[in-house]
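Trainee: Take a look at this one; I'll ask things after.
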Amino acid sequence: IFGAKVFTTEIFTQFTAFYNHSLAILQSALLVLLCILLLLAERKSIANAPFLSIGEKGSNTKLYHLKNRGLGFVFLAAWFLVSVVLPFMVLFIQSFQNGIGDFNRAFNLLKPTFANSMGLALTGALIMVFIGFVVAYYSETQNKNSLVWILLIVFAIPSIIVGISLIKFYNRPMLDFIYSGPLIILIGYVGKFSFISAKLIANAIKQIPKSLDEAAQIEGISFFNRMRKILIPLIMPALFAAFIISFIFNLGELGMTIMLYPPGTEIMPIKVFTIMANAPQALTSSMTLIVFSLNLLVITVMYFMITPLIKTRSYVNY
Numbered sequence: 275i276f277g278a279k280v281f282t283t284e285i286f287t288q289f290t291a292f293y294n295h296s297l298a299i300l301q302s303a304l305l306v307l308l309c310i311l312l313l314l315a316e317r318k319s320i321a322n323a324p325f326l327s328i329g330e331k332g333s334n335t336k337l338y339h340l341k342n343r344g345l346g347f348v349f350l351a352a353w354f355l356v357s358v359v360l361p362f363m364v365l366f367i368q369s370f371q372n373g374i375g376d377f378n379r380a381f382n383l384l385k386p387t388f389a390n391s392m393g394l395a396l397t398g399a400l401i402m403v404f405i406g407f408v409v410a411y412y413s414e415t416q417n418k419n420s421l422v423w424i425l426l427i428v429f430a431i432p433s434i435i436v437g438i439s440l441i442k443f444y445n446r447p448m449l450d451f452i453y454s455g456p457l458i459i460l461i462g463y464v465g466k467f468s469f470i471s472a473k474l475i476a477n478a479i480k481q482i483p484k485s486l487d488e489a490a491q492i493e494g495i496s497f498f499n500r501m502r503k504i505l506i507p508l509i510m511p512a513l514f515a516a517f518i519i520s521f522i523f524n525l526g527e528l529g530m531t532i533m534l535y536p537p538g539t540e541i542m543p544i545k546v547f548t549i550m551a552n553a554p555q556a557l558t559s560s561m562t563l564i565v566f567s568l569n570l571l572v573i574t575v576m577y578f579m580i581t582p583l584i585k586t587r588s589y590v591n592y
């Protein structure tokens, strides 16, 4: 977006503008090699790091007291002001500096993309939560991290390269029903971001004592009922967080989507990206403000829909 000369923009230019696929693939291979080397260098730390955990079941909480809490608060407040508040204020001012005309025009331009973008993002998030749960449960119960590592490697590969790989694989007559439709975008979303869902859910499963499942097995409770009555209700906050984060990543993904979206399919980030190059500043700001507001609205609605369910299930099981 900024037009900086980096690997991903160079690969994108060679592949789409100059149709130099061989050079783009060679550059992609070098970038993939760098990503894998970085992963191997941090293998021990990444594999066992309990980051992105949701909840505190089965763990002890450590409290750290800062000596200069005032200084820390000032730093965080200043960072939040510079990175969130000021950009949002600038967007708002630029959007309405000439009245509501630019905002209405931006809304009409983006309106056809709402259904496609939301549908793909929600569907992809549901699939990613399911895959993440399966991978997390297998890795935690079998003590095998091979599937998690596969997801991690794909996640570490830049979006442009994932897009090129999917194009090269699915661009053939027998797979045209995938290549020329929204399925290829869903495959890209699921392949790229499923690691986040799997890691979140795996850390939630780690916090559940294995004795609960063992006691249920002794009582003769079936596998399906153990999942439905014990495990899933206890990790519901993590499932919800995985769904929301997956949805956010899907809805905002540009690098891979711009490579994969078929003709006639309108996706919100691509519409903003293509229009912003030649559009007035007020129109671009209005479109960005609408995208931000839509994200915030959907996440808020989902939160208030899911929170009562999480509390009810947690109460029943405890």
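592 is the number that the numbering used here gives the last residue of the sequence shown; the numbers go up by one with no jumps.
Note that beta-carbon positions come from the ideal geometry of N, C-alpha and C, so glycine has one too.
This one's a predicted model, so the numbers in the text were calculated from it and none came from an experiment.
Taking the beta carbon of Glu488 as the centre, do at least 16 other beta carbons fall within 10 Å, making it buried, or is it exposed?
Mentor: Residue numbering aside, residue 488 sits at position 214 when the sequence shown is read from its first letter. When all chains shown are included, Glu488 counts as exposed.
Trainee: Since Ser433 contacts Glu493 with CB under 8 Å, what's their CB separation in whole angstroms?
Mentor: Reading the sequence shown from its first residue, position 159 is the one you call residue 433. Reading the sequence shown from its first residue, position 219 is the one you call residue 493. Contact flag wrong, Cβ pair sits at about 47 Å.
Trainee: I'd like the list of long-range same chain contacts for Gly346, defined as Cβ closer than 8 Å, with 5 residues on each side in sequence excluded.
Mentor: The residue given as residue 346 occupies position 72 in the sequence shown. Closer than 8 Å at Cβ, skipping near neighbours: Leu340.
Trainee: Given a cut-off of 8 Å on the beta-carbon distance, is the pair Gly393 and Val428 in contact?
Mentor: In the sequence shown, residue 393 corresponds to position 119, counting from 1. In the sequence shown, residue 428 corresponds to position 154, counting from 1. No.
Trainee: I need the straight-line Cα distance from Ala291 to Tyr535, nearest angstrom please.
Mentor: Residue 291 sits at position 17 when you count from the first residue of the sequence shown. Residue 535 sits at position 261 when you count from the first residue of the sequence shown. Their Cα atoms are separated by approximately 16 Å.
Trainee: Express the C-alpha separation of Ile522 and Phe377 in angstroms, rounding to a whole number.
Mentor: To locate residue 377, count along the sequence shown from 1; it is residue 103. To locate residue 522, count along the sequence shown from 1; it is residue 248. So the alpha carbons of these two residues sit roughly 23 Å apart.
Trainee: If contacts are defined as beta-carbon pairs under 8 Å, then Ala553 and Ile509 qualify, I think. What distance do you get, rounded to the angstrom?
Mentor: The residue you call residue 553 lines up with position 279 of the sequence shown. The residue you call residue 509 lines up with position 235 of the sequence shown. Not quite, the Cβ-Cβ distance comes to about 44 Å (not below 8 Å), so this is no contact.
Trainee: Just curious, the alpha helix (DSSP H) that Pro361 is in, first and last residue?
Mentor: Counted from its first residue, the sequence shown places residue 361 at position 87. Unbroken alpha helix (DSSP H) run through Pro361: Leu360 to Ser369.
Trainee: Assign Gly373 to one of three DSSP states: helix, strand, or coil.
Mentor: Within the sequence shown, the letter at position 99 stands for residue 373. DSSP places Gly373 in strand when its eight states are reduced to three.
Trainee: Tell me the residue span of the alpha helix (DSSP H) that contains Lys545.
Mentor: Along the sequence shown, read from residue 1 onward, the residue named residue 545 stands at position 271. Run containing Lys545: Met542 to Met550, per the alpha helix (DSSP H) assignment.
Trainee: How should Met448 be labelled, buried or exposed, when 16 other C-beta atoms within 10 angstroms of its C-beta is the threshold for buried?
Mentor: Walking along the sequence shown from the start, residue 448 turns up at place 174. Classification of Met448: exposed, given that the 10 Å Cβ count is below 16.
Trainee: For Leu311, which of helix, strand or coil comes out of DSSP?
Mentor: Numbered from 1 along the sequence shown, position 37 holds the residue referred to as residue 311. DSSP places Leu311 in helix when its eight states are reduced to three.
Trainee: Would you be able to state if there are at least three C-beta pairs under 8 Å between the stretch 393-408 and the stretch 444-464?
Mentor: At 8 Å Cβ cutoff, the stretches touch.
Trainee: Is it the case that the Cβ atoms of Ile438 and Ile310 are separated by a distance below 8 Å?
Mentor: Counting from one through the sequence shown, the residue named residue 438 turns up at place 164. Counting from one through the sequence shown, the residue named residue 310 turns up at place 36. The answer is no: Cβ separation not under 8 Å.
Trainee: Rounded to whole angstroms, what's the CA-CA distance from Ser560 to Leu365? Just pull it up for me.
Mentor: Start at 1 with the first residue of the sequence shown, and residue 560 comes out as number 286. Start at 1 with the first residue of the sequence shown, and residue 365 comes out as number 91. Their backbone Cα atoms lie some 7 Å apart in a straight line.
Trainee: Helix, strand or coil: which one does DSSP assign to His339?
Mentor: Along the sequence shown, read from residue 1 onward, the residue named residue 339 stands at position 65. Correct three-state label for His339: coil.
Trainee: Could you tell me if Lys385 is buried or exposed, where buried requires 16 or more neighbouring beta carbons within 10 angstroms of its beta carbon?
Mentor: Against the sequence shown, residue 385 aligns to sequence position 111. By the 10 Å Cβ count, Lys385 comes out exposed.
Trainee: Tell me whether Met530 sits in a helix, a strand or coil according to DSSP, three-state version.
Mentor: The count along the sequence shown starts at 1 and reaches residue 530 at position 256. Here Met530 sits in coil by DSSP.
Trainee: For Phe569, name the three-state secondary structure that DSSP assigns.
Mentor: Looking up residue 569 in the sequence shown gives position 295. For the sequence presented, residue 569 should be read as Asn rather than Phe. DSSP places Asn569 in helix when its eight states are reduced to three.
Trainee: Less than 8 Å separating the beta-carbons of Ile544 and Phe381?
Mentor: To locate residue 544, count along the sequence shown from 1; it is residue 270. To locate residue 381, count along the sequence shown from 1; it is residue 107. For Ile544 and Phe381, no; Cβs fall outside 8 Å.
Trainee: Would you please state the rounded distance, in angstroms, between the beta carbons of Gly406 and Ala351? I believe it to be under 8 Å.
Mentor: If you number the sequence shown from 1, residue 406 lands on position 132. If you number the sequence shown from 1, residue 351 lands on position 77. Not a contact, Cβ separation roughly 34 Å.
Trainee: Could you give the DSSP three-state label for Lys279: helix, strand or coil?
Mentor: Sequence index remark: in the sequence shown, residue 279 carries index 5 (1-based). Three-state DSSP puts Lys279 in coil, outside helix and strand.
Trainee: Have a look at Pro582, Leu570, Val575 and Val546 and flag the residue whose alpha-carbon is nearest the alpha-carbon of Leu383.
Mentor: In the sequence shown, the residue the question calls residue 383 occupies position 109. It is Val546 whose Cα lies nearest to the Cα of Leu383.
Trainee: In angstroms, rounded to a whole number, what distance separates the CA positions of Asn372 and Ser302?
Mentor: Walking along the sequence shown from the start, residue 372 turns up at place 98. Walking along the sequence shown from the start, residue 302 turns up at place 28. Going from the Cα of Asn372 to the Cα of Ser302 covers about 44 Å.
Trainee: Assuming Met533 contacts Ile441 under a Cβ cut-off of 8 Å, what Cβ separation, rounded to an integer in Å, is found between them?
Mentor: Your numbering for residue 533 matches position 259 in the sequence shown. Your numbering for residue 441 matches position 167 in the sequence shown. Indeed, because the Cβ distance is near 6 Å, the residues count as touching under 8 Å.
Trainee: May I ask you to report which of helix, strand or coil DSSP gives Ser454?
Mentor: Walking along the sequence shown from the start, residue 454 turns up at place 180. If DSSP states are grouped into helix, strand and coil, Ser454 belongs with coil.
Trainee: Let's see if you can read the secondary structure: which residues bound the alpha helix (DSSP H) around Lys442?
Mentor: Here the question's residue 442 lines up with position 168 in the sequence shown. Run containing Lys442: Ser433 to Tyr444, per the alpha helix (DSSP H) assignment.
Trainee: Can you tell me whether Thr539 is helix, strand or coil according to DSSP?
Mentor: Counted from its first residue, the sequence shown places residue 539 at position 265. Here Thr539 sits in coil by DSSP.
Trainee: On the CB-based measure, 16 or more other CB atoms within 10 Å of its CB, does Gly332 come out buried or exposed?
Mentor: Numbered from 1 along the sequence shown, position 58 holds the residue referred to as residue 332. Below a pLDDT of 50, predicted positions are generally treated as unreliable, and Gly332, at 49, falls in that range; the measurement from the model is reported next regardless. Burial call: exposed.
Trainee: How close, in whole Å, do the beta carbons of Ile435 and Leu307 come, if the pair is a contact with beta carbons under 8 Å?
Mentor: One-based indexing of the sequence shown puts residue 435 at position 161. One-based indexing of the sequence shown puts residue 307 at position 33. Contact flag wrong, Cβ pair sits at about 11 Å.
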